[in-house]
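For reference, the structure is listed below as structure tokens.
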Amino acid sequence: MLEFNKKTHLLERTEFVFPLQDVSEPNLYRNLFNYEEIPKIAFNHRHVPINMPKEIWITDTTFRDGQQSRQPYTTEQIVHLYDLLHKLSGPKGIIRQSEFFLYSKKDRDAVYKCLERGYEFPEVTSWIRASKKDFEMVKEIGLKETGILVSCSDYHIFYKMHMTRKQAIDHYLAIVKECMETGVRPRCHLEDITRADFYGFVVPFVYELMKLSKETGIPVKIRACDTMGYGISFPGATLPRSVPGIIYGLLHYARVPSELIEWHGHNDFYRAVNNASTAWLYGASGVNCSLLGIGERTGNCPLEAMVIEYAQLRGTTDGMDTTVITEIAEYFEKEIGYKIPPMTPFVGKNFNVTRAGIHADGLLKNEEIYNIFDTEKLLNRPCRVAISNTSGLAGVAHWINAYFGLRGDKALNKKDEIAVKVKEWVDSQYDEGRVTVITDEELEEVTLKVVKELNRTLG
Ligand SMILES: CC(C)C(=O)C(=O)O
1 MLEFNKKTHL
11 LERTEFVFPL
21 QDVSEPNLYR
31 NLFNYEEIPK
41 IAFNHRHVPI
51 NMPKEIWITD
61 TTFRDGQQSR
71 QPYTTEQIVH
81 LYDLLHKLSG
91 PKGIIRQSEF
101 FLYSKKDRDA
111 VYKCLERGYE
121 FPEVTSWIRA
131 SKKDFEMVKE
141 IGLKETGILV
151 SCSDYHIFYK
161 MHMTRKQAID
171 HYLAIVKECM
181 ETGVRPRCHL
191 EDITRADFYG
201 FVVPFVYELM
211 KLSKETGIPV
221 KIRACDTMGY
231 GISFPGATLP
241 RSVPGIIYGL
251 LHYARVPSEL
261 IEWHGHNDFY
271 RAVNNASTAW
281 LYGASGVNCS
291 LLGIGERTGN
301 CPLEAMVIEY
311 AQLRGTTDGM
321 DTTVITEIAE
331 YFEKEIGYKI
341 PPMTPFVGKN
351 FNVTRAGIHA
361 DGLLKNEEIY
371 NIFDTEKLLN
381 RPCRVAISNT
391 SGLAGVAHWI
401 NAYFGLRGDK
411 ALNKKDEIAV
421 KVKEWVDSQY
431 DEGRVTVITD
441 EELEEVTLKV
451 VKELNRTLG
């Protein structure tokens, strides 16, 4: 039945019309996912409206999904990264939660230490085996919410769990009830939602969860997990791959409010950031991310990318201290020993380094021409030029200014004798057959030598 809503002027469904389809054979969407071919993106040209929630936020899975894919962090590293997440989050708690394993003593020690910090944000939450004993442990530790795995595609239900859809729903609902009875808020991780039968399984299941939530007064979070990175953000793409379609359906058919919808994506098809932004745009308040995108296979959505995306979509950082992104990157490289690929946006060594001489000339005239934003102010990373045979005099002058912090009338122009002499040394290197770029250390040594020879000072 469709009823007129006076507020929205929409005809809205007043009754639930999506019963569980308890099929005897799995629906594997072979028309989209033929394993021997690259998955297909299909369109039905149904567009759903953009509907960004009033409040959006980021949640963190660095210590859960992030840790699943690498050697475990030490307790000290976890606590330090948690401190940095808190600092990045700002007073409004844009980095709202962070989830932790509770399996080992080491996992639990890290949780205790983070809880001792007493921060409101990010709230510490857990990830456990779905059993009564584990729910009780969550409660004992003093956590309010836990993640529970409720895989929802037939790939998982039929092939991993060897159940029917009905058996899976009954099993999941029993677990969720047990969790609620312990007094812990469940966060249901709908694994593999982008290959799941959305109207035949996901909507009827989530609708049951929402009924349970209403009856008990306990909020149930729905985490839509794009486990294999199949999600598609294009308007008019079909389910189950459509991110707008999934979020719209959860909101309008399963009746989940925005603040209880969270997107969790992977980057297998280079789509993690775009899909997370799309989830925000179409009505999910939360996007789940990990620092530097470290996670299973190609990784999760990088948390730092969504901090920047937040500022782009909202027009404000809302109190987040974006320079902490650089502190985090430095900590990963120097203390954890993780090598960030140099071209990685916002955190890679070369993300704002230009090599082409023609670009360096532009940078010297006005930095805005070739820098994405004031990376020095917002990320504590002045834009730089790397010196090679193509850098030119402007590149050398820019390198000297950036490296030695020369600004305003102290900055060298490309005709300055210091720049000319350093450039002559650079040219001599390539004339002798060098094929690699010149390092900062080499350039520093040569520049200081030239300055001394010319009896000049820098700055
Ligand atoms: C294990 C599940 C919850 C997950 O992280 C995913 O689907 O990516």
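Counting along the sequence shown from 1, when you hit position 166 you're at 166 in the UniProt record's numbering, and nothing is skipped either side.
Glycine included, C-beta positions come from ideal geometry on N, C-alpha and C.
Computed from a predicted model, the values in this text were never measured in an experiment.
{"Item": "Ser151 to Leu281 span [Cα, whole Å]", "Value": "25 angstroms"}
{"Item": "Leu84 versus Thr323 - alpha carbon distance", "Value": "11 angstroms"}
{"Item": "C-alpha distance - Ala196 paired with Thr14, whole-angstrom precision", "Value": "25 angstroms"}
{"Item": "Start and end residues, beta strand (DSSP E) containing Asn288", "Value": "Gly286 to Cys289"}
{"Item": "Contact between the region 419-430 and the region 395-404 (3+ Cβ pairs under 8 angstroms)", "Value": "yes"}
{"Item": "Spatial distance of Val202 from Glu191 (CA atoms)", "Value": "11 angstroms"}
{"Item": "Euclidean distance between Cα positions of Arg384 and Leu260", "Value": "43 angstroms"}
{"Item": "Segment contact, 8 angstroms Cβ cut-off, at least three pairs: the region 288-297 with the region 58-67", "Value": "yes"}
{"Item": "Runs of beta strand (DSSP E) lying entirely within the region 171-195, each at least 3 residues, in chain order", "Value": "185-190"}
{"Item": "Check whether Leu239 and Ile247 have beta carbons under 9 angstroms apart", "Value": "no"}
{"Item": "Val17 burial status per 10 Å Cβ neighbour count (16 or more: buried)", "Value": "exposed"}
{"Item": "Cβ-based neighbour list, Thr216, same chain, cut-off 7 angstroms, excluding 5 preceding and 5 following", "Value": "Met180"}
{"Item": "Buried/exposed call for Pro49, threshold 16 Cβ in 10 Å", "Value": "exposed"}
{"Item": "Proximal residues to Ala360 (C-beta, below 7 angstroms), its chain only, five neighbours per side dropped", "Value": "Thr354, Val385, Ser391, Gly392, Ala394, Gly395 and His398"}
{"Item": "Residue range of the beta strand (DSSP E) that includes Thr375", "Value": "Per DSSP, Thr375 belongs to no beta strand (DSSP E); it is in the alpha helix (DSSP H), Thr375 to Leu379."}
{"Item": "Glu240 - partner residues in DSSP beta bridges", "Value": "Correcting the residue type first, residue 240 is Pro in the shown sequence and not Glu. BP columns for Pro240 are empty, so no partner."}
{"Item": "Thr74 versus Gly236: straight-line alpha-carbon distance, rounded", "Value": "45 angstroms"}
{"Item": "Spatial distance of Asn380 from Asp374 (CA atoms)", "Value": "9 angstroms"}
{"Item": "Coarse secondary structure for Ser277, derived from DSSP in three states", "Value": "helix"}
{"Item": "Pick from Lys92, Leu412 and Asn31 that is closest to Thr457, judged by C-alpha positions", "Value": "Leu412"}
{"Item": "Beta carbon of Leu443 nearer than 9 angstroms to that of Ile387", "Value": "yes"}
{"Item": "Simplified DSSP assignment, three categories, for Ile169", "Value": "helix"}
{"Item": "Cβ pair Ile41, Ile232 closer than 9 angstroms", "Value": "yes"}
{"Item": "Which listed residue (Glu76, Thr326 and Gly459) has its alpha carbon closest to that of Pro382", "Value": "Thr326"}
{"Item": "Terminal residues of the beta strand (DSSP E) in which Lys224 lies", "Value": "Position check: residue 224 holds Ala in this sequence, whereas Lys was assumed. It spans Lys221 to Asp226 - the beta strand (DSSP E) in which Ala224 sits, taken as one unbroken run."}
{"Item": "Whole-angstrom distance between Asn350 and Met228, CA atom to CA atom", "Value": "29 angstroms"}
{"Item": "Rounded C-alpha distance that separates Phe135 from Val184", "Value": "7 angstroms"}
{"Item": "Phe43 classed as buried or exposed, judged by whether at least 16 other C-beta atoms fall within 10 angstroms", "Value": "exposed"}
{"Item": "Closest Cα partner of His189 within the set Tyr172, Tyr199 and Thr182", "Value": "Tyr172"}
{"Item": "Heavy atom of ligand 1 within 8 angstroms of Glu145 beta-carbon", "Value": "no"}
{"Item": "Residues near Met343 by beta carbon distance below 8 angstroms, same chain, minus five either side", "Value": "Asn350 and Phe351"}
{"Item": "Residues that DSSP places opposite Phe121 in a beta bridge", "Value": "Per DSSP, none; premise fails for Phe121."}
{"Item": "Straight-line Cα distance separating Leu364 from Gly93", "Value": "38 angstroms"}
{"Item": "Start and end residues, alpha helix (DSSP H) containing Thr216", "Value": "Val203 to Thr216"}
{"Item": "Proximity to Glu12 [Cα-Cα], best of Leu2, Leu20 and Lys6", "Value": "Leu2"}
{"Item": "Through-space distance from Glu145 to Ile193, alpha-carbon basis", "Value": "22 angstroms"}
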